[in-house]
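Residue numbers 71 to 222, in the working numbering, belong to the letters of the sequence shown in order.
Glycine included, each C-beta is placed from N, C-alpha and C at the ideal position.
Heads up, the thing below is written out as structure tokens.
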Amino acid sequence: MTLSLNSERAVVALILFLLSIALFVTASRFPASDMGSAFDPGFFPRIVLGALIALSALNLLTDLRSGTGWALDGLRSVFLMMALLVVYVKVMPDLGFFAASVVLSVAFLLILGVRSPVGIAVVALGVPGALVGLFNHILTMPLPTSPLFWWI
């Protein structure tokens, strides 16, 4: 069996894998904290990037072995989601983390084909809400606040 980049999913997984490794190395070079390694500015990014490296490697291996062909619909979805991420980064400081993340989550779930209103609501409100709770209230590292949801 020969392995080749035979689908858009394999190419995206390879790009994500390589980008995650580069970002992990960059995050490893952040300055150390006097309060211990758990308080280093690169601690949380390294955890997330480590998981992303492992998942993208698994996805890449799965796609390389599957032998599926190229589907332009998949590439369109990837490019649309990338464009939405650029817009998200641009509007998040003004709109706030929670509001911008809820809108982004709904858009991503719709692009990915999720059509259950309950599922969309639970994920779109639950994940950003949990992150706000974690960062703002437990870790006391506030995320950008929203003029609409300032009390969160």
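6 Å CB neighbourhood of residue i in its chain, flanking five on each side removed
i, result
"Ala97", "Gly112, Pro115, Arg116"
"Leu209", "none"
"Pro198", "Phe168, Ser171, Val172"
Spatial neighbours of residue i in its chain, beta-carbon cut-off 7 Å, leaving aside the 5 residues before and after
i, result
"Phe87", "Ile123, Ser126, Ala127, Leu130"
"Leu119", "Ser90, Leu93, Phe94, Ala97"
Burial state of residue i, where buried means 16 or more other Cβ atoms lie within 10 Å
i, result
"Leu204", "exposed"
"Gly166", "buried"
"Met71", "Because the pLDDT at Met71 is just 44, under 50, the model does not fix this residue reliably, and the point stays unresolved."
"Ala121", "exposed"
"Leu218", "exposed"
"Phe178", "buried"
"Arg79", "buried"
Neighbourhood of residue i by C-beta, 8 Å cutoff - its chain only, sequence neighbours within 5 removed
i, result
"Leu182", "Ser147"
Span of the alpha helix (DSSP H), counted from its first residue to its last, around residue i
i, result
"Ala191", "187 to 202"
"Ala170", "167 to 181"
"Ile117", "113 to 136"
"Ile85", "78 to 98"
- Message: Using a Cβ distance threshold of 8 Å, determine whether the segment 158 to 165 contacts the segment 185 to 203, with at least three qualifying pairs required.
- Response: no
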